[in-house]
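A quick write-up on the structure given underneath.
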Amino acid sequence: GQNIDQPTEMTATEGAIVQINCTYQTSGFNGLFWYQQHAGEAPTFLSYNVLDGLEEKGRFSSFLSRSKGYSYLLLKELQMKDSASYLCAVPGNTPLVFGKGTRLSVIA
Amino acid sequence: DTEVTQTPKHLVMGMTNKKSLKCEQHMGHRAMYWYKQKAKKPPELMFVYSYEKLSINESVPSRFSPECPNSSLLNLHLHALQPEDSALYLCASSQPGAPAYEQYFGPGTRLTVT
Chain D
1 GQNIDQPTEM TATEGAIVQI NCTYQTSGFN GLFWYQQHAG EAPTFLSYNV LDGLEEKGRF
61 SSFLSRSKGY SYLLLKELQM KDSASYLCAV PGNTPLVFGK GTRLSVIA
Chain P
109 DTEVTQTPKH LVMGMTNKKS LKCEQHMGHR AMYWYKQKAK KPPELMFVYS YEKLSINESV
169 PSRFSPECPN SSLLNLHLHA LQPEDSALYL CASSQPGAPA YEQYFGPGTR LTVT
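Chain order of the listed sequences is D and P.
Each step along the first sequence adds one to the number in the numbering used here, with nothing skipped, and position 34 is 34.
Remember, the numbering used here sits 108 above the position in the second sequence when you count from 1.
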């Protein structure tokens, strides 16, 4: 089975950098996804990591260490609109198993 | 077109009603999914269709009945629901197969059962 752990809530200041961590345990690894979900809206795809290392996409970067079962999402130059839940997800027995999500609040 | 559409956006139904949720995509994806999401919880997978055939049913009660009439459409038929079934119902699509491909989510249907 899969076990995914991420912090429940985080708060950060506008313009700052925040790192959201995710640890996972899965039998057989087929990559790790990060999704963003604003309240009451659908999740939107942010990133997919299958190899170790850092993938950068604009203000957002995602890191993976397969040996440690660890990933993080790095958000730079935070904006108020980045306030959302960030979901870590891995394929497993079902196509995607989501972590409980991290609710990020960006404050002025 | 990278959009998954869902109708209706909001639905209020009584426990004796029969209603259907609809989902449509025109990205040529051959895998389509239904998820249920309660407030402040992650999406929970309900059903997966791959090439228009039901491939995964996550032990969902029979009061939820999925249907995939063609490769672009996915329905969820609802009958005799309970108040605890009130939730956001999300449809998603992707290319099928392993490893998992990026799933595109629709905006969801907010269902309230009274």
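Positions of the beta carbon are idealized from the N, C-alpha and C atoms, including for glycine.
Taking C-alpha positions only, PRO169/P is separated from LEU186/P by approximately 10 Å. According to the DSSP assignment, TYR143/P belongs to the beta strand (DSSP E) that extends over 139-145. In the DSSP assignment, ASN125/P falls outside any beta strand (DSSP E) and carries neither an H nor an E. Secondary structure at GLU192/P: helix, using DSSP grouped into helix, strand and coil. In the structure shown, MET154/P falls within a strand segment according to DSSP collapsed to helix, strand and coil. Judged by DSSP secondary structure, HIS38/D falls outside any beta strand (DSSP E); it is assigned neither H nor E. With the criterion set as a beta carbon lying under 7 Å from some beta carbon of chain P, the members of the segment 80-97 of chain D are LEU87, PRO91, THR94, PRO95 and LEU96, in sequence order.
Here MET135/P carries a coil assignment [DSSP, helix/strand/coil]. Sequence-distant partners of LEU51/D (beyond 5 residues in either direction) whose C-beta falls short of 6 Å from its own C-beta are missing from its chain.
Going by C-alpha positions, VAL106/D is about 6 Å away from THR11/D.
Inclusion of LEU184/P and MET123/P in the CB contact set at 9 Å is not warranted, their separation being larger than that value.
With 16 or more other CB atoms across the displayed protein chains lying within 10 angstroms of its CB, PRO151/P is buried.
Spanning the alpha carbons of GLN211/P and ALA108/D requires a straight line of approximately 33 Å.
Not flagged as an interface residue toward chain P: ARG66/D, since no C-beta distance is shorter than 9 Å. Spanning the alpha carbons of MET154/P and LYS130/P requires a straight line of approximately 15 Å.
Per the Cβ contact rule, the segment 60-75 of chain D is not in contact with the segment 114-122 of chain P (fewer than 3 Cβ pairs under 8 Å). In the same chain as ILE164/P, and ignoring 5 residues on each side of it, the C-beta atoms closer than 6 Å to its own belong to VAL156, in chain order. Between MET121/P and THR217/P, the CB-CB gap reaches or exceeds 9 Å. Under the three-pair Cβ rule at 8 Å, the segment 130-145 of chain P does not count as touching the segment 28-36 of chain D.
Fully enclosed beta strand (DSSP E) runs of no fewer than 3 residues occupy 9-13, 18-25, 32-37, 44-49, 53-57, 60-65 and 70-75 of the segment 7-84 of chain D, in order along the chain. For PRO174/P, the uninterrupted beta strand (DSSP E) run begins and ends at 172-178, by DSSP. When DSSP reads this structure, TYR159/P sits in no beta bridge, so it has no partner.
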